[in-house]
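> Numbering (this note's numbering), first residue to last: 1324 to 1481. For reference, the structure I am asking about is given below.
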Ligand code: DQA
C-alpha cells in the first residue's frame, strides 16, 4: 500500500499554533509518528507539506501516478479552495481527509469543507491519532481488496 500524506497551509508551524486545537507536536514529530505507524501497518508512505496551493495541487497530480491511497489535511484551504477540490476529484483511489482539530465545533467558517463530499472518509478532532486511523483504514481496505481478488468465484447454486 503506497500512501501520500499531504499537509497544507500553516501545518509547518504545528507546535507553535494554538495547542488547545492542534496539540503540541511539531510537523517533524507528527511525520515521524506517521512513518512509524506506516511501518507497523506495512504501508509505504510519503509525507509532504507546503504553504503553496499550486504545489499542493501538483502533489495531488503526482500522487495520481503512484499512490494507492491519499491522506489529505489541506488546512484552511479545506474551507474554500475549489482548485484543490478539482485536484481531489481526479483521484480514483481512497481519499481520507484528516483534521487535527474538531472543525465542527469551531468557528462557523471552519465547519464546511469543500473536499469532504469527495472523501472516502473524514476524520477530525482526534489530533495526530486521526492520521493513524486514516492509515489503518487504508491498510484494512487494501487487505480486504486483496482477499477479494484472491477469493474463488462464488459457487453457483441451483
Ligand atoms: C485544520 C483545521 C483548519 O480549519 C485549519 O485552518 C488548519 C488545520 C486541522 O487540522 O484541524 O490549518 O485543518
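Note that beta-carbon positions come from the ideal geometry of N, C-alpha and C, so glycine has one too.
Closer than 6 Å: is that where the CB of residue 1392 sits relative to any heavy atom of the ligand DQA?
Taking the chain shown and counting its residues from 1, the one referred to as residue 1392 is at position 69. Residue 1392: no, Cβ never under 6 Å from the ligand DQA.
> Could you pull the start and end residues of the alpha helix (DSSP H) that residue 1362 belongs to?
Position 39 of the chain shown, counted from the first residue, corresponds to residue 1362. Taken as a continuous stretch (DSSP letters only), the alpha helix (DSSP H) holding residue 1362 covers 1350-1363.
> Whose C-alpha, out of 1423, 1419 and 1383, is nearest the C-alpha of residue 1333?
Stepping through the chain shown from its first residue, residue 1333 is reached at position 10. Checked all of 1423, 1419 and 1383; the closest Cα to residue 1333 is 1423.
> Classify residue 1378 as helix, strand or coil using the three-state DSSP reduction.
Along the chain shown, read from residue 1 onward, the residue named residue 1378 stands at position 55. Here residue 1378 sits in helix by DSSP.
> Tell me the rounded alpha-carbon separation between residue 1344 and residue 1336.
Reading the chain shown from its first residue, position 21 is the one you call residue 1344. Reading the chain shown from its first residue, position 13 is the one you call residue 1336. Whole-angstrom Cα-Cα distance: 13 Å.
> Assuming residue 1326 and residue 1441 are in contact, meaning their beta carbons sit under 8 Å apart, how far apart are those beta carbons, in whole angstroms?
For the purposes of this step, residue 1326 is taken as the residue at position 3 of the chain shown. For the purposes of this step, residue 1441 is taken as the residue at position 118 of the chain shown. Not a contact, Cβ separation roughly 17 Å.
> Whose C-alpha, out of 1362, 1468 and 1357, is nearest the C-alpha of residue 1329?
By one-based count along the chain shown, residue 1329 stands at place 6. When each option's Cα is compared against that of residue 1329, the closest is 1357.
> Whose C-alpha, out of 1342, 1324, 1353 and 1469, is nearest the C-alpha of residue 1453?
The residue labelled residue 1453 in the question sits at position 130 within the chain shown. Closest by alpha carbon: 1353.
> Between 1351, 1392 and 1448, which lies nearest to residue 1428 when the distance is taken from Cα to Cα?
The residue you call residue 1428 lines up with position 105 of the chain shown. Among 1351, 1392 and 1448, the Cα nearest to that of residue 1428 is on 1448.
> Nearest CA to the CA of residue 1400: which residue from 1434, 1461 and 1339?
One-based indexing of the chain shown puts residue 1400 at position 77. Minimum Cα distance to residue 1400 is reached at 1434.
> Cβ of residue 1482 within 7 Å of Cβ of residue 1394?
Given that the chain is displayed from residue 1324 to residue 1481, the structure contains no residue 1482 and the question cannot be resolved.
> Is any heavy atom of the ligand DQA found at a distance shorter than 6 Å from the C-beta of residue 1333?
Locating residue 1333 in the chain shown gives position 10, counting from the first residue. Yes, the Cβ of residue 1333 comes within 6 Å of a heavy atom of the ligand DQA.
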